[in-house]
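**Student:** Let me begin by handing over the structure; questions about it come next.
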Amino acid sequence: MSIPTKVLNNTVTIPVIGFGTWQLKGDSCYESITNAINAGYTSIDTAKAYDNEEYVGRAIKDCGKKREELFITTKLWNADQGYESTLRAFDLSMQKLQLDVLDLYLIHWPGKGRFVDTWRAMEKLYNEGLIRAIGVSNFMPYHLLELSKNSSVIPAVNQLESHPFLKQQEAEDYCKEQGILVEAWSPLMSGKTALSDPIIEEIAAKYKRTTAQVILNWHISQGRRVIPRSSNAQRIAENIDVFSFELSVDDIARINALASKNVRTGPNPDVYF
Ligand code: NDP
């Protein structure tokens, strides 16, 4: 299966779908990643905070793919923000992942007061060729503006909570203007009510797809990258089988209208610490 790609603002190519690993632990994480790679995923999203980098590392080492066939993202945790601590945290993540070069490193949350120093360390690692692209997560336009005034590399990616019941319109618009790719985290609303919304169910029946497939196809139609997670081999395969249909303009508009529900599953970056 060939997966569509996007080109980041530094010319690095990224698959439009990756496999999310939050809450996947130990051997079950290893097994889910193995299933994902067998189903055709070439990209994995992890984070220090998920406490599974070691299992991600083992799974990608054992999967039989060449390193250049895979695109691996990890994230710097809040407690590690700061210049020196970022360099140390990166080393530790790379040891656990058993990698020499990382594809994408993200600041997990903006936090308060330290992301400029953190970014300086990430720029150093990027300039040394140890990371192919650097980005952020949960950054609002005011965070991105502050970063741009104090740095030379524009983030390649901003990973934001995004699903049919939540659109961070201002942040998405700002990212589009700046050439920053938006990745939808919890694209399936973390398994919650969007998957059984009556409008999405109606659309899914019309296209003879599942609600998860409709939601992922809709995200991609809106220019976002998606990183769905599942621990079930059948759903893992279902979630990547989303490229053989096209939603009509009207159906896209009906899903877009659900954003008025404005429900977050995770913290609000304005207040999360
Ligand atoms: P998703 O939105 O991907 O939803 C996952 C949940 O939906 C699981 O409970 C899963 O259950 C269920 N599910 C998956 N596929 C289907 C399907 N086809 N039909 C029905 N149910 C399904 O959740 P996440 O919150 O994990 O977000 C995705 C990824 O985003 C994370 O894993 C992580 O990598 C990243 N993330 C980043 C954050 C950040 O701050 N940057 C924050 C949160 C997440 P089951 O396993 O039983 O299939």
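Numbering (the working numbering) for the sequence shown: 1046 to 1318. Cβ coordinates follow ideal geometry from the N, Cα and C atoms, glycine included.
Cα separation between E1076 and Y1095?
**Tutor:** 16 Å
**Student:** Do S1207 and K1120 have their C-beta atoms within less than 8 Å of each other?
**Tutor:** no
**Student:** For I1152, which of helix, strand or coil comes out of DSSP?
**Tutor:** Assigned with DSSP and collapsed to three states, I1152 falls in strand.
**Student:** Beta-carbon separation of L1205 and W1164 under 8 Å?
**Tutor:** no
**Student:** Taking a cut-off of 6 Å, which residues have a beta-carbon closer than that to any heavy atom of the ligand NDP, in chain order?
**Tutor:** G1065, T1066, W1067, D1090, H1153, S1182, N1183, Q1204, W1230, S1231, P1232, L1233, M1234, S1235, G1236, L1240, T1255, A1257, I1272, P1273, R1274, S1275, S1276, N1277, R1280, E1283, N1284 and G1311
**Student:** Taking R1309 as the reference, which of G1224, P1273, K1212 and G1065 has the closest Cα?
**Tutor:** K1212
**Student:** Is the Cβ-Cβ distance between T1256 and I1245 less than 8 Å?
**Tutor:** Yes, Cβ-Cβ distance for T1256 and I1245 is below 8 Å.
**Student:** Which residue wins for smallest C-alpha separation from G1268, given the options Y1187, A1278, I1300 and E1217?
**Tutor:** Of the listed residues, the one whose Cα sits closest to G1268 is E1217.
**Student:** Bridge partners of R1270, per DSSP?
**Tutor:** E1228
**Student:** Where does P1060 fall in DSSP's three states?
**Tutor:** Here P1060 sits in strand by DSSP.
**Student:** Name the one or two DSSP bridge partners that N1203 has.
**Tutor:** V1181 and V1227
**Student:** If we ignore side chains and look at the alpha-carbon of each, how far apart do V1259 and E1291 end up?
**Tutor:** 9 Å
**Student:** For a quick check, are the C-beta atoms of A1081 and I1281 less than 8 Å apart?
**Tutor:** yes
**Student:** Buried or exposed: Y1219, going by 16 or more other Cβ atoms within 10 Å of its Cβ?
**Tutor:** buried
**Student:** For L1151 and V1227, which I take to be in contact (beta-carbon distance under 8 Å), what is that distance rounded to the nearest angstrom?
**Tutor:** At roughly 12 Å, the Cβ-Cβ gap does not stay under 8 Å, so L1151 and V1227 are not in contact.
**Student:** What is the C-beta distance between P1243 and L1261, in whole angstroms, given that I count them as a contact (C-beta under 8 Å)?
**Tutor:** In fact, because the Cβ distance is near 19 Å, the residues do not count as touching under 8 Å.
**Student:** Which residue from N1083, S1241 and N1097 puts its Cα closest to that of Q1068?
**Tutor:** N1097
**Student:** Can you tell me whether DSSP reads K1212 as helix, strand or coil?
**Tutor:** coil
**Student:** Does the segment 1187-1199 come into contact with the segment 1119-1133, if we say contact requires no fewer than three beta-carbon pairs (one atom in each stretch) closer than 8 Å?
**Tutor:** no
**Student:** Measuring CA to CA, which of R1274, A1298, N1172 and W1154 is closest to S1073?
**Tutor:** R1274
**Student:** Please determine if the segment 1284-1301 and the segment 1174-1189 are in contact, where contact requires at least 3 C-beta pairs separated by less than 8 Å.
**Tutor:** no
**Student:** For the alpha helix (DSSP H) that D1136 lies in, which residues bound it at each end?
**Tutor:** Here the alpha helix (DSSP H) through D1136 covers Y1128 to L1142.
**Student:** With the cut-off set at 8 Å, would you say W1122 and K1169 are in Cβ contact?
**Tutor:** no
**Student:** Anyone know if the C-beta pair for I1225 and N1055 falls short of 8 Å?
**Tutor:** no
**Student:** What residues in its chain sit with their C-beta under 8 Å from that of G1102, if we drop five residues either side in the sequence?
**Tutor:** K1141, L1142, Q1143 and L1144
**Student:** Measure from the alpha carbon of F1116 to the alpha carbon of each residue in F1064, F1160 and P1155, then state which is nearest.
**Tutor:** F1064
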